[in-house]
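Please read the structure below before turning to the comments.
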Amino acid sequence: MINLEISQRHEETFTQVMMLAEHMMRPYSRKYDKAEHTYPAEMEEVNKLISAGRTSATGKPKGSLPEGSVVNGGNMGSVIGLFGLCWGDVGLFLGMPGSGLGNAAITAVGTPEQIKKYGGRYAAMCITEPSTGSDSANISTTAVLDGDDWVLNGEKIYVTDGDRCDTLVVWATLDKSLGKAAIKSFIVEKGTPGCEVTRLEHKMGIRASDTAAISFSDCRIPKENILGSADIATDAEGRKKAFGGVMQTFDNTRPPVAAMAVGVARAALDMARDLLREEGIEVCFDKKPTNSGAIEAELAQLEAEWQAGRLLVLKAAWMADNKMPNSKEASMCKAKAARVGNHITLRCVALCQSLGYSEQHLLEKFARDSKIIDIFEGTQQIQQLIVARRLLEKSSSELK
Ligand SMILES: Cc1cc2nc3c(=O)[nH]c(=O)nc-3n(C[C@H](O)[C@H](O)[C@H](O)COP(=O)(O)OP(=O)(O)OC[C@H]3O[C@@H](n4cnc5c(N)ncnc54)[C@H](O)[C@@H]3O)c2cc1C
Numbered sequence: 003m004i005n006l007e008i009s010q011r012h013e014e015t016f017t018q019v020m021m022l023a024e025h026m027m028r029p030y031s032r033k034y035d036k037a038e039h040t041y042p043a044e045m046e047e048v049n050k051l052i053s054a055g056r057t058s059a060t061g062k063p064k065g066s067l068p069e070g071s072v073v074n075g076g077n078m079g080s081v082i083g084l085f086g087l088c089w090g091d092v093g094l095f096l097g098m099p100g101s102g103l104g105n106a107a108i109t110a111v112g113t114p115e116q117i118k119k120y121g122g123r124y125a126a127m128c129i130t131e132p133s134t135g136s137d138s139a140n141i142s143t144t145a146v147l148d149g150d151d152w153v154l155n156g157e158k159i160y161v162t163d164g165d166r167c168d169t170l171v172v173w174a175t176l177d178k179s180l181g182k183a184a185i186k187s188f189i190v191e192k193g194t195p196g197c198e199v200t201r202l203e204h205k206m207g208i209r210a211s212d213t214a215a216i217s218f219s220d221c222r223i224p225k226e227n228i229l230g231s232a233d234i235a236t237d238a239e240g241r242k243k244a245f246g247g248v249m250q251t252f253d254n255t256r257p258p259v260a261a262m263a264v265g266v267a268r269a270a271l272d273m274a275r276d277l278l279r280e281e282g283i284e285v286c287f288d289k290k291p292t293n294s295g296a297i298e299a300e301l302a303q304l305e306a307e308w309q310a311g312r313l314l315v316l317k318a319a320w321m322a323d324n325k326m327p328n329s330k331e332a333s334m335c336k337a338k339a340a341r342v343g344n345h346i347t348l349r350c351v352a353l354c355q356s357l358g359y360s361e362q363h364l365l366e367k368f369a370r371d372s373k374i375i376d377i378f379e380g381t382q383q384i385q386q387l388i389v390a391r392r393l394l395e396k397s398s399s400e401l402k
């Protein structure tokens, strides 16, 4: 039976993370929002403390679980940690070593050798290209096997932490004419000849993280750096199968990204109540709806939306911990949490008016930072499309 109760161990972790967030992240929020692209060196200490906590916390399920198991394990722990870190500052979190989405990809589909070698690295994810975003089946970067090396050619854009990371997970096609089935992902170590950061983007939010364009020009990487099999899978009738391995990654990365939205939305709700209190408006939720003011009524509604997003994130993580397929739930939680995250942060700015809009406080930054969460790792519209396909049992060619 499903169990979304937070275990005592995870409660303790959350309390510790919130302390780090408050005392070791928030003091630097504005500094790195202003100093765009500057590496937030202070976050290395936060990362060390988090890694130490992760090592000491056990409980991630290993191997197959007994029937009927109910586990609040590693995935649950990681989204709960992210609620706290992104309450602290989602931009600083994204700019912190070890936060790269490439790390999740390596953990999800890497071999034990790849996980051992690259699991602890700082890995960014390179999918988007100048002519390919949501339509990720359309990518043009190529990978050709030449002797013991893969040779990569192409251009990737909007790579979060693409400059400061030390490893890249790159999506490339083995043969564009074969469509999705030929798309594979590859581990590329930064500094490999032929791999070059060509540009950094100036952005609206998450300015503490860098966002890079990266070119691959006859970039040779070892044959064993492919993630998953090099075979182009076919079904019983010999038709090429869709995506498979690379898409699995999203089931692992979407709940954590949704958790970022939950964290930053919580930050906005808490700050809005503090600012309103300073202005003499005490928000009280235990009045009857007929007796509450407009601000209280709206904040109560925002709290309910926030809770709905949070619960969907916990459910997707719980399913992953219990080794249940969670593609639909991963997209559901990303769609809901990111959408309400955008709405909550902007409404909190509006409810606090000039205080919300002023740089004197971080509310306006939370609103800017939250926007990207509804875009990367699949936009709102793409998540809804995936959920619809799953509910209606339609393939991607039947429902575009
Ligand atoms: C700050 C930032 C960081 C990023 N980090 C990364 C990263 O680390 N790695 C990476 O690979 N990419 C990254 N991206 C890229 C991001 O994933 C893409 O921007 C996103 O997937 C959308 O692609 P696009 O911008 O090409 O928009 P498009 O795909 O062109 O979409 C434009 C609009 O059309 C809608 N749309 C598209 N197709 C459909 C459809 N079938 N049905 C309904 N609506 C549709 C979209 O929802 C969107 O509203 C980042 C982007 C930004 C801005």
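With my numbering as the guide, the letters of the sequence shown map in order to residues 3 to 402.
All C-beta atoms, glycine included, are put in the ideal place defined by N, C-alpha and C.
{"Asked": "Measure from the alpha carbon of Met26 to the alpha carbon of each residue in Glu284, Arg11, Asn49 and Tyr41, then state which is nearest.", "Found": "Asn49"}
{"Asked": "Verify the contact flag: Met98, CB atom, against every heavy atom of ligand 1, threshold strictly below 7 Å.", "Found": "no"}
{"Asked": "Got a sec: does ligand 1 put a non-hydrogen atom nearer than 7 Å to the Cβ of Ile189?", "Found": "no"}
{"Asked": "In three-state terms, what does DSSP make of Lys186?", "Found": "strand"}
{"Asked": "So what's Ile108 in DSSP terms, helix, strand or just coil?", "Found": "helix"}
{"Asked": "Should Val172 be counted as a contact of ligand 1 given a C-beta to heavy atom distance under 7 Å?", "Found": "no"}
{"Asked": "For the beta strand (DSSP E) containing Asp151, list its first residue and its last residue.", "Found": "Asp151 to Thr162"}
{"Asked": "Glu38 to Ser211, Cα distance in whole Å?", "Found": "8 Å"}
{"Asked": "Nearer than 7 Å: is that true of the beta carbon of Val199 relative to any heavy atom of ligand 1?", "Found": "no"}
{"Asked": "Is Thr251 close to ligand 3? I mean its beta-carbon at under 7 Å from any heavy atom of the ligand.", "Found": "Among the ligands in the structure shown, ligand 3 does not appear; only ligand 1 can be found there."}
{"Asked": "If we count Cβ pairs, one from each stretch, closer than 8 Å, do we get three or more for the region 259 to 277 versus the region 371 to 388?", "Found": "yes"}
{"Asked": "Could you tell me the distance, in whole angstroms, from the CA atom of Leu103 to the CA atom of Asp150?", "Found": "27 Å"}
{"Asked": "Count the other CB atoms, across all protein chains shown, that sit within 10 Å of the CB of Cys286; report buried if there are 16 or more and exposed otherwise.", "Found": "exposed"}
{"Asked": "With DSSP as the reference, label Glu191 as helix, strand or coil.", "Found": "strand"}
{"Asked": "Count the other CB atoms, across all protein chains shown, that sit within 10 Å of the CB of Leu393; report buried if there are 16 or more and exposed otherwise.", "Found": "exposed"}
{"Asked": "Using a Cβ-Cβ cut-off of 6 Å (strictly less than) and excluding sequence neighbours within five positions of Lys317, which residues of its own chain qualify?", "Found": "Glu331"}
{"Asked": "Locate the beta strand (DSSP E) running through Val172, then write down its first and last residues.", "Found": "Thr169 to Thr175"}
{"Asked": "What separation, rounded to the nearest whole angstrom, lies between the Cα atoms of Thr200 and Lys192?", "Found": "13 Å"}
{"Asked": "Can you tell me which of Ser101, Pro132 and Ser142 puts its alpha carbon nearest to the alpha carbon of Arg123?", "Found": "Ser101"}
{"Asked": "Quick one: what's got a C-beta closer than 7 Å to Leu94's C-beta in the same chain, skipping five residues either side?", "Found": "Met27, Tyr30, Ser31, Tyr34, Pro42, Met45 and Ala210"}
{"Asked": "Quick one: grab the DSSP three-state call for Pro224.", "Found": "strand"}
{"Asked": "Specify whether the region 3 to 13 and the region 306 to 324 touch according to this definition: at least 3 beta carbon pairs, one from each stretch, less than 8 Å apart.", "Found": "yes"}
{"Asked": "Got a sec: does ligand 1 put a non-hydrogen atom nearer than 7 Å to the Cβ of Ser31?", "Found": "no"}
{"Asked": "Taking all protein chains shown into account, do 16 or more other C-beta atoms lie within 10 angstroms of the C-beta of Gly460, making it buried, or fewer, making it exposed?", "Found": "No information on residue 460 is available, as it lies outside the stretch 3 to 402 that the chain covers here."}
{"Asked": "For Leu401, I'd like the list of residues in its chain whose CB is within less than 8 Å of its CB, leaving aside the five on either flank, ordered along the chain.", "Found": "Leu387, Ala390, Arg391 and Leu394"}
{"Asked": "Exposed or buried, what is Val259 when buried is set at 16 or more other beta-carbons lying within 10 Å of its beta-carbon?", "Found": "buried"}
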